[in-house]
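A.B. asks: Okay, here's the structure, questions in a sec.
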Amino acid sequence: MDIIRRQMNTDINSIKQFNTDAINLASKTFDDKDFIFNIRLILDELIINSYKHGNKKVYDRKINCLVLVDNDYCLVKVKDEGCGIPLENESDLYSDHGRGLMLVRAISDSLIIKENSIAALIFKKKI
Numbered sequence: 001m002d003i004i005r006r007q008m009n010t011d012i013n014s015i016k017q018f019n020t021d022a023i024n025l026a027s028k029t030f031d032d033k034d035f036i037f038n039i040r041l042i043l044d045e046l047i048i049n050s051y052k053h054g055n056k057k058v059y060d061r062k063i064n065c066l067v068l069v070d071n072d073y074c075l076v077k078v079k080d081e082g083c084g085i086p087l088e089n090e091s092d093l094y095s096d097h098g099r100g101l102m103l104v105r106a107i108s109d110s111l112i113i114k115e116n117s118i119a120a121l122i123f124k125k126k127i
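No gaps in the numbering here: position 103 of the sequence shown is 103 in the UniProt record's numbering, and each next residue is one more.
In structure tokens:
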């Protein structure tokens, strides 16, 4: 099992570097390009959601990211300093306005949203 964890300012360059490092880590375990693509998509959507909507691009706010890679799965967890995602009407999360979360939900095996933290779990499919 490999883990990469980072706390960073709401800075696009820091985000790009973390994404690159996380995908490099995942690529050491998984050689399936489609699976790596899905991990990248989940990571991009969750971090950009924190950047834009959670921290509202305020540089001093922190984004905490964790990517855990094991032989059969990958877990991506992102937490920001925003007020969280309102869960009163969960269907709104996956509407056209929430396309990123809709994509993440579609390709994840499990998606957990709790306040200002989102975790997505994706299993490598057995052939």
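No residue lacks a Cβ here, since even glycine has one placed at the ideal position from N, Cα and C.
The structure displayed is predicted, hence computed values, not measured ones.
1) Go to D34, then tell me how far its alpha helix (DSSP H) extends in each direction, as first and last residue.
2) Can D2 and V69 be called in contact, C-beta distance under 8 Å?
3) Kindly give me the distance between the Cβ atoms of S108 and I122, rounded to whole angstroms, as I take these residues to be in contact under 8 Å.
4) Where DSSP assigns a beta bridge to D2, which residues make up the other side?
5) Check V78 in the structure and name its three-state DSSP category.
6) What residues in its chain sit with their C-beta under 7 Å from that of E115, if we drop five residues either side in the sequence?
7) Indicate whether the contact test is met: 3 or more Cβ pairs, each with one atom in the segment 22–39 and one in the segment 57–76, closer than 8 Å.
C.D. replies: In short:
1) K33 to N49
2) yes
3) 5 Å
4) V69
5) strand
6) G84
7) yes
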